[in-house]
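Quick notes on the structure that follows.
Numbering (the working numbering), first residue to last: 6 to 213.
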């Protein structure tokens, strides 16, 4: 009995399935957005000049946070606000962000297990085959989890008249995991249908 072709085919097929599972990139989930609005103060502020700055206590490194500050500025400009220097700004847009990478637990058993057993011939000889492929867990399922917060404050009084918070999780292999793309997607979701309803949480779909 010639089992070599079948054995090789099983190995190739099993390996292809395992590697295919590791390289597939899940579609991005929605951005969860919550906004808080002071309608009277928002109307009083109008669509004047603004300056984007780092919020006190921001956890993200300055170089990475710059992408989120830039994305927020772009959204405000598209809404009709005018970017200026801090001294001449009527509105301060304070931005904070934090991002972490979370990985799934490594499985104790490999994702592929194949066993073949039997007895052939008149002498009762046994044939046993075992295939084990352990890829150390599916690291491609790790996600980048990001939180973005923006406060719009009156530059003179310091009063906050609008605040938005966004949360977004995306596979680390997705194009949206890079800081510039991640920042653009989150800022777009945060300012979608601005100013939003006070205290309402919505989910905004993101296209890759």
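For each residue, glycine too, the CB sits at the ideal point set by N, CA and C.
Flag this pair as yes or no: are the beta carbons of residue i and residue j separated by less than 8 Å?
| i | j | result |
| --- | --- | --- |
| residue 161 | residue 109 | no |
| residue 151 | residue 173 | yes |
| residue 171 | residue 72 | no |
| residue 42 | residue 201 | yes |
| residue 33 | residue 157 | no |
| residue 99 | residue 60 | yes |
| residue 66 | residue 184 | no |
| residue 208 | residue 31 | no |
From this set, the options, which residue's C-alpha is nearest residue i's C-alpha?
| i | options | result |
| --- | --- | --- |
| residue 54 | 39, 159 and 163 | 159 |
| residue 85 | 209, 208, 196 and 62 | 196 |
| residue 64 | 74, 33, 166 and 104 | 104 |
| residue 40 | 79, 154 and 169 | 169 |
| residue 48 | 153, 79 and 199 | 199 |
| residue 193 | 176, 204, 203 and 212 | 212 |
| residue 154 | 185, 87, 106 and 191 | 191 |
| residue 90 | 58, 210, 203 and 52 | 58 |
| residue 94 | 148, 175, 50 and 70 | 50 |
| residue 102 | 62, 148 and 209 | 62 |
| residue 178 | 70, 69, 148 and 67 | 148 |
| residue 176 | 80, 74 and 106 | 106 |
Residue i lies in the beta strand (DSSP E); which residues open and close that run?
| i | result |
| --- | --- |
| residue 176 | 165-176 |
| residue 84 | Looking at the DSSP string, residue 84 is not in any beta strand (DSSP E), and its letter there is neither H nor E. |
| residue 99 | 96-107 |
| residue 149 | 148-159 |
List the endpoints of the continuous alpha helix (DSSP H) containing residue i.
| i | result |
| --- | --- |
| residue 193 | 184-195 |
Who are residue i's beta bridge partners in DSSP?
| i | result |
| --- | --- |
| residue 208 | 37 |
The ligand MG and residue i: does any heavy atom of the ligand fall closer than 7 Å to the residue's C-beta?
| i | result |
| --- | --- |
| residue 202 | Although the ligand MG was asked about, the structure shown includes no ligands whatsoever. |
Would you please verify whether the beta carbon of residue i is less than 8 Å from any beta carbon of chain C?
| i | result |
| --- | --- |
| residue 105 | Considering every chain present, this structure includes no chain C. It has just one protein chain. |
Hey, which unbroken runs of the beta strand (DSSP E) at 3 residues or more fall wholly within the stretch 41-72? 54-59
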